[in-house]
Amino acid sequence: MEERSTVQHRVLLSLITWLAILSVARCQSVCPARCLCYFNQIQRSIECSKQGIQTFPENISDVVEHLDLSNNLLTEIPDAINRLTELEHLNLAKNQLTSLPSSLGKLTKLRRLDLSSNVIVNTVDIVSISQLPSLIVLYISWNLLPDLKGLTSEVLQAVDAGHCRIKELGNKSLDGLPALMTLNLAGNPLENIQAPVSKTLKWLDMSNCFLNYLYPDTFSGFPALEELRLVNNPKLVYSTRHATLQHPRLKRLDVSRCNLDRPGLHGLPLLTHARLSRNSIRILPDRIFAKNKQLTQLYLNANNLERLNASTFEGLVKLQLLDLSANGLEEVHRLAFQENIDLRLLNLSYNTLHRFPHLSCLVTSLDLSFNMISRFEADSLDDMPRIRSLNLKDNQLQLLPPRLRSPTLRILDVQRNRLVELHNDSFIGLPSLQKIDLSGNRLTEAMNPDIFQNNLDLTIIRLEDNPWRCDCAQLYVTFEYLTEPPMKTSKSSLICQSPANVSGYSWEAACFDVWNDHLYYNKDRTWGMVMVSLLIFVVLCGSVVSIKHTMRIKRRTLEQRQQLERAEERQRLRVLQRRNQQLEEELEELERPAEPRINPLELVSPPTYEEAVEMSRLVHSMDDLDEITVENGTLRAINSVDNLRMKKKRTRRPRKRTNSEDDLLRREERRQQRIRRERSNSSGNICDADHSHNANPRDSRASLAHRSRRHSAIDDIASSSSKDRPRPQTPSARKRKRRQVIRDEHVTDDEDSDVQVMGSSRSVVIKELRREPRSGYRNSFVGRES
């Protein structure tokens, strides 16, 4: 049986485990889109805030406990929300909802519902909250609700209806909320309160409304009311000379910034906290708080009080905190707080007191900061036997009184005054002093540590922001006292202002050499010199190495630069050589003699195609050549060169020289040599021809006659051209020679080419070509026979 029960137990545990795993997997699989799900926390939550969701998510897990759908665009909530049976907190704030579903009965665990910042216009639209059995807190602020009537819930305890459109709180407004304890109506245009009733209401806030007059029994329908906030109602009046607001159990009242001219608290006997700050109360009559015997905290700051009588606060035996700051008080009566035997904190800051008030009270903390106190007597604290903290910062004290007496004073704050020195016996009468703040004053000289010899419990001394003059011999003892364990001040807070060479330095940095001079011995100095020498040697070696390295780098850079320059120069020379070579080739081409071409006078018959190609180019027509006629064996030249020379020379436009005179002469010599070679070749051919003719005796006689006639014609031409001999090389002679060369450049002595025999009765016509441009090709010049 035991084994069987054990097996069943194991099966049950495994089943539970699998169910748990499946439930977790199911929970993880149903997280809505654009949402963050936290199912592994103590409170399982889904956050879908600020996602622009317009419809309620459908796949929300059933086990969610906290659902946040705020800051979206939801316009309605479906009835399917009832399946979230584990939901405890639902946040629907800042949407566009106008109502809730008519049925919410299945949300049995919902405790907190936030519907603030929607467009709900009537409580009837959210009446379904009455079906929520566990709802405790409801937020409906920043809606368009005109009233709270119709809002019902048997368990609702807190309602936030601030900043709506509620103008009136009637006697039936809260009837549907029998368990209501907290109600916030701040920021509504609320003007009238007509005896509302709620037996359980304890906290009511009607700040920032338009309340005018409150009757004495206005809140009598709230018998359990303990705290009432009426802040910032500028027209509020709840107390007159004959009547005032009454409530037997009210404990806390805040009527700040309400423009009140009197406290009016005598109708609240159990009041413990009263805040009357920033009103218009100028006068406090005697015993005005006598009926508020339970009052422990009273705030009367910023009320422009003119004076305080001796019996103003009489009867406040339980008063612990009294705030009278920022009232413009110039003097305080010595016995004004004598009856306040339990007073702990008295705040008299931000007034216009010129002397330290001689008060007779049992206060433990006195705040006199931000006044104009310049007189402080040694017996000022004699009648305050319990004082522990004295705040005198931002006053005009120049000296602290000698032998100030207070056996209980622990904290003294005199920062930002005008203290220039401290007496040696200023703190002798303060044996319990633990902290003193002297920062922001005008202390320059080092103080003697003996002034604190009677302050055995002193642990904190603040001295920053003082214009210290750093006399290292005097500062050493003070610095040692302040920094020895336990350290009483921070070393970095002690800053020198003079002399100028150490201005801005700390005490320790400015006086380090002076204070530590006696710690060095000869041996230490020797080792110090050795270390300094080694350091200097290392620095010098490093400098030398660095300089060598720098020079090596510079030298390498210079060499690289020179190599680059040489490479550029070589490249430039190559370019110049190629250019000169091209120029030389062009000059050689220009100076190279043209290949001999066939002269038209050498033809004895119409030229073939090959002979026509070999012929020289004619610049002008053949009509300009001279004519030579042969008639009856005689040769006569018409318009010969000699005749043309004798004619009147036409004026020609001077032309630019394209070649020098030496070039022309050399070219002329080359032409003559070429002509001689051609002549020799032609003479050889003639001889061969004669030999061939001699072989035929029948034609020998005719050839001799023909040869005689040809030689006579050539001799005439040679005789006619023998006049043009070279003359001295003067500019005019050179010019004439050039002209003669140009005119005679087509004359030749070749017998076969000069004359063409057409018969005894036929004439031979030879035309001289006109001269070509200087840039063109010129035929070889026929020189004179030597």
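When you line the sequence shown up against mature numbering (1 follows the signal peptide of the UniProt record, and there is no 0), it's residues -27 to -1, 1 to 759, in that order. By construction, the Cβ of each residue, glycine as well, lies at the ideal position given by its N, Cα and C atoms.
#1: Rounding to the nearest angstrom, what Cα-Cα distance links Gln167 and Leu271 in this structure?
#2: Helix or strand or just coil, what does DSSP make of Gln470?
#3: Roughly how many whole angstroms lie between the Cα atoms of Phe349 and Phe400?
#4: For the 8 Å Cβ check, are there 3 or more pairs between the region 277 to 292 and the region 325 to 344?
#5: In whole angstroms, give me the CA-to-CA distance for Gln108 and Tyr186.
#6: Assuming Thr217 and Pro242 form a contact by the criterion Cβ under 8 Å, report the distance between their Cβ atoms to the nearest whole angstrom.
#7: Tell me where the alpha helix (DSSP H) around Trp480 begins and ends.
#8: So who's on the other strand from His62, going by DSSP bridges?
#9: Answer with buried or exposed for Asn13, where buried requires no fewer than 16 other C-beta atoms within 10 angstroms of its C-beta.
#10: For Asp133, write down the residues that DSSP places opposite it in a beta bridge.
#11: Decide if Pro6 is buried, meaning its Cβ has at least 16 other Cβ atoms within 10 Å, or exposed.
#12: Distance check for Ser463 and Lys82, CA to CA, integer angstroms please.
#13: For Val210, which residues in the same chain have their Cβ closer than 6 Å to its Cβ, ignoring the five residues on either side in sequence?
#14: Assess, as a yes-or-no matter, whether the region 469 to 482 is touched by the region 440 to 459 under the definition of 3 or more beta carbon pairs within less than 8 Å.
#15: Can you tell me which of the three DSSP states His522 falls into?
#16: Curious, which full-length beta strand (DSSP E) runs of at least 3 residues does the region 333 to 363 contain?
#17: Which residue comes first and which comes last in the beta strand (DSSP E) that contains Ala168?
#18: Provide the residue span of the alpha helix (DSSP H) that contains Cys4, from first to last.
#19: When the Cα of Gln293 is compared with those of Glu279, Ala483, Val517, Phe310, which residue comes out closest?
#20: Provide the residue(s) that pair with Glu141 in DSSP beta bridges, ordered along the chain.
#21: Count the other C-beta atoms from every protein chain shown that fall within 10 angstroms of the C-beta of Ser665, then say buried if there are 16 or more, exposed otherwise.
#22: How many Å lie between Leu431 and Leu278 at the Cα?
#23: Quick one: Cα of Cys182 to Cα of Gly160, how far?
#24: Alpha carbons only, please: which of Asp178, Asp315, Asn489 is nearest the one belonging to Cys334?
#25: Quick one: measure Cβ to Cβ for Arg389 and Asp356, integer angstroms, because I've assumed they're closer than 8 Å.
#26: Find the nearest neighbour of Leu257 within the set Ala247, Lys266, Leu281, Lys264, judged by alpha-carbon distance.
#27: DSSP on Asn320, reduced to helix/strand/coil?
#28: Which residue comes first and which comes last in the beta strand (DSSP E) that contains Tyr11?
#29: Mark Leu546 as exposed unless 16 or more other C-beta atoms lie within 10 angstroms of its C-beta, in which case mark it buried.
#30: Would you kindly work out how many angstroms separate the C-alpha atoms of Val100 and Ser114, rounded to a whole number?
#31: Helix, strand or coil for Gln270? Go by DSSP, reduced to three states.
#32: Since Trp176 sits in a beta bridge, which residues does DSSP pair it with?
#33: Taking three-plus beta-carbon pairs below 8 Å as touching, is the region 85 to 98 in contact with the region 121 to 133?
#34: Return the residue from the list Lys264, Glu418, Lys266, Asn252 that minimises the CA-CA distance to Asn276.
#35: At the level of alpha carbons, what is the spacing between Lys224 and Arg214?
#36: Let me make sure I understand the geometry here. Which of Thr173, Pro358, Asn344 has the alpha-carbon closest to that of Thr155?
Looking at the coordinates:
#1: 29 Å
#2: strand
#3: 14 Å
#4: Fewer than three Cβ pairs drawn from the region 277 to 292 and the region 325 to 344 lie within less than 8 Å of each other, which leaves the two stretches out of contact.
#5: According to the sequence shown, residue 108 is Leu rather than Gln. Cα to Cα, the separation comes out at about 35 Å.
#6: Between Thr217 and Pro242 the beta-carbon gap is near 12 Å, outside 8 Å, which marks them as no contact.
#7: Residues 480 to 483.
#8: His39, Arg85
#9: exposed
#10: Paired residue(s): Tyr112, Asn157.
#11: Reading the sequence as shown, one finds Ala at residue 6 and not Pro. The residue in question, Ala6, is exposed, as its Cβ has fewer than 16 Cβ neighbours within 10 Å.
#12: 58 Å
#13: Counting only Cβ-Cβ distances below 6 Å, and skipping sequence neighbours, we find Tyr186.
#14: Between the region 440 to 459 and the region 469 to 482 there are three or more C-beta pairs closer than 8 Å, enough to call the two in contact.
#15: helix
#16: 338 to 340
#17: First-last for Ala168: undefined, no H or E at that position.
#18: Segment: none, Cys4 is in no alpha helix (DSSP H) and carries neither H nor E.
#19: Phe310
#20: Asn165
#21: Any reading at Ser665 is ruled out, since the residue's pLDDT is 43, under 50, leaving its predicted position unreliable.
#22: 38 Å
#23: 6 Å
#24: Asp315
#25: Their Cβ separation, rounded to whole angstroms, is 27 Å, which puts Arg389 and Asp356 out of contact at 8 Å.
#26: Leu281
#27: Strand at Asn320.
#28: 9 to 11
#29: exposed
#30: Cα to Cα, the separation comes out at about 16 Å.
#31: strand
#32: Thr155, Glu200
#33: Result yes; three or more Cβ-Cβ pairs closer than 8 Å.
#34: Asn252
#35: 23 Å
#36: Thr173
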